[in-house]
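Take a look at the structure below.
Residue numbers (our numbering): 26 to 702.
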């Protein structure tokens, strides 16, 4: 995959052909192309001034009855007090997956026309639209080759099945947005395996055809291991292009949240597995994506018994250290439509084929799915409801609304505040609350400028964030997210886009929370507190190039002096020398309960050798990423009760620093996300 600087040109073609290679395909909307070149020509191609990055065409893999109740979608679908119910009608959801079994009754309208309005096959395995140009429009007859794996049909069923075939079954297996349109973009074969280039092709096609099919959401329940920063990863870059074009992109977090090592048993005798952190898939590592982890609803509609599924991948992301997932949604034992093309999944797990309870019902039409692959379409369906409620909804506002209205699972379920954030993000999706907030947003939200208020005149955060009833329980809004990707949730929320605020709060090159006066370029003077190109939160706590000013130099019972970050109960003196409970000496040498020396070598309660680590109850994922007691690090840096990572990321008792942002006491700020207990 060659990412070019600007559109691919004949100059790029010439550079490839001169090395004995050939261009396979161009993705104009992504500024990228797929080429075949000899291995010894790759370095020279990557070094060209007009080439941004070169990476292999990597393999990607595939990763409801109660679900509609426990997410609040059932309430959003119902008419209340004169407000019509929502079904996602007309909103296009592109399913980038293994295909959709379009002849399944759950994807047909009442007039028997299909809601699969387009089907394009990018796998090169036969069928219509192999080259991405063969569009099949759903006029009631589809000639696509369906879904021989079964994964994509399940994903589509969770997002937008209407439950038409579930008469005679134990429940109504409708999805979240039962009247949304579906766009079938096939990139995975009958074994659930595909390529990066096919996936790029599908995203490129969706961008080019978004207005034709009203594509407002792309669901990507697939992924590949993270091998580079999102800034270089071609899938993550493609996601960013789609979001910037106005399409919300929802990704599954992955199913790598644990190892198979049993470390104990719970009160019911169920095994407790060793947790794994830092295993978010690409493109879920992109800050542009809405990355969804999985909860286990335990087959009930109430939320009080919900937990994060043990298999659900946890953050932070590798290389960039972003806290992910963004939120969680049901992802265990979801019943949804099953492909009618004799799917591989059903053959591999026949016990998961759901059987009807009465004679005369349609046979082999539903399957019981588990995985974050099926959590993601729950959120995609909720977004379709939100867009139906407010057609001007943008990707930025959709993400901010979902995160603000999510309900955090109890902190008692997690070993630490860091594990809490890295396992569930903002919390569990709340569809009815998200729809209520969407309705409160101005009807021209896509025309807002930085500094504009996003709510209608009669709406405030307090009036919108009312308790909801889910499964017979009263769910109060936790309001955990204070700032998310350009939206500040003040009394009257404001669109920021990196510039200004309200009530003395400023975000730009620096982030400030104070009653003070803003004086451009991230500089604030108030009550003796100075910030420049950095971040400050609360009365005198400041991090910016090692500078703290406020009646003395104090940070959490420690001392901060130039070019360094202070970690509680310790003293940090210039260029990384930390003295306190542990001793940190220059470039990542830590002496404390464990000894960590340079390049990721740890000796103590666990053993770290080069690129792999096993420590205590946690395990490390490649690239020198270390975990201890369920908390993970990156690039060969340290863990104990607090975590210190490269690029200024610190986690300790709920304190996280990332990309120069500091917030304490359970607050998290990272790449446009602020979370508070």
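Where a beta carbon is used, it is the ideal one built from N, C-alpha and C, also for glycine.
According to the DSSP assignment, residue 285 belongs to no alpha helix (DSSP H) but to the beta strand (DSSP E) extending over 283-290. The continuous stretches of beta strand (DSSP E) do not include residue 99, which lies in the alpha helix (DSSP H) extending over residues 98-102. Bounds of any alpha helix (DSSP H) do not take in residue 245; it lies within the beta strand (DSSP E) bounded by 240-245. Collapsing the DSSP output to three states places residue 172 in coil.
Contact between residue 227 and residue 121 holds, since their C-beta atoms are separated by about 5 angstroms, short of 8 angstroms. In the DSSP assignment, residue 277 falls within the beta strand (DSSP E) that extends over 273-277.
The straight-line gap separating the alpha-carbon atoms of residue 211 and residue 429 is approximately 33 angstroms. Your pair residue 184 and residue 205 checks out as a contact, with CB atoms roughly 7 angstroms apart and the cut at 8 angstroms.
Cβ atoms of residue 355 and residue 400 come within 8 angstroms of each other, at about 6 angstroms.
Scanning its chain for C-beta atoms nearer than 6 angstroms, with the 5 sequence neighbours on each side dropped, one finds around residue 33 the residues 51, 58, in chain order. At a Cβ-Cβ threshold of 7 angstroms, residue 314 and residue 182 do not count as neighbours. Between residue 62 and residue 41, the beta carbon gap of about 6 angstroms places them in contact (Cβ cut-off 8 angstroms). For residue 58, the three-state secondary structure derived from DSSP is strand. In the three-state reduction of the DSSP assignment, residue 408 falls in the helix class.
With distances taken between CA atoms, residue 252 lies nearest to 307 out of 269, 292, 307. In the three-state scheme derived from DSSP, where H, G and I count as helix and E and B as strand, residue 93 is classed as helix.
Residue pairing of residue 211 in beta bridges, as defined by DSSP: 122, 146.
Taking the Cα of residue 471 as reference, the smallest distance to any Cα among 423, 508, 440, 482 is reached at 423. A straight-line Cα-Cα distance of about 41 angstroms links residue 279 and residue 482. The shortest CA-to-CA distance from residue 347 to any of 446, 213, 186 is the one to 446. Residue 406 and residue 118 have their C-alpha atoms spaced approximately 8 angstroms apart. In this structure the segment 267-285 touches the segment 309-329; the number of beta carbon pairs closer than 8 angstroms is three or more. Here the segment 223-238 lies against the segment 138-151, with 3 or more beta-carbon pairs under 8 angstroms apart. In this chain, the alpha helix (DSSP H) harbouring residue 38 covers 35-43. Within the same chain, 492 come within 6 angstroms of residue 501 by CB-CB distance, once the 5 residues on both sides are set aside.
For residue 488, the uninterrupted alpha helix (DSSP H) segment begins and ends at 486-489.
With respect to residue 60, residue 249 sits apart: the two C-beta atoms are not nearer than 7 angstroms. Going by DSSP, residue 509 is part of the beta strand (DSSP E) stretching over 506-509. Per the C-alpha coordinates, the member of 82, 358, 388, 480 positioned closest to residue 513 is 480. In this structure, the CA atom of residue 420 is about 6 angstroms from the CA atom of residue 271.
Scanning its chain for C-beta atoms nearer than 6 angstroms, with the 5 sequence neighbours on each side dropped, one finds around residue 130 the residues 189, 190, in chain order.
Check the Cα spacing between residue 82 and each of 505, 259, 138, 139: the tightest is with 259. DSSP lists 289 as the beta-bridge partner residues of residue 297. By the C-beta density criterion, residue 103 is exposed, having fewer than 16 other C-beta atoms within 10 angstroms.
Excluding residues up to 5 positions away in sequence, 120, 122, 123, 124, 125 lie with their Cβ nearer than 6 angstroms to the Cβ of residue 177 in the same chain. Comparing alpha-carbon positions, the option among 375, 31, 331, 112 lying closest to residue 436 turns out to be 331.
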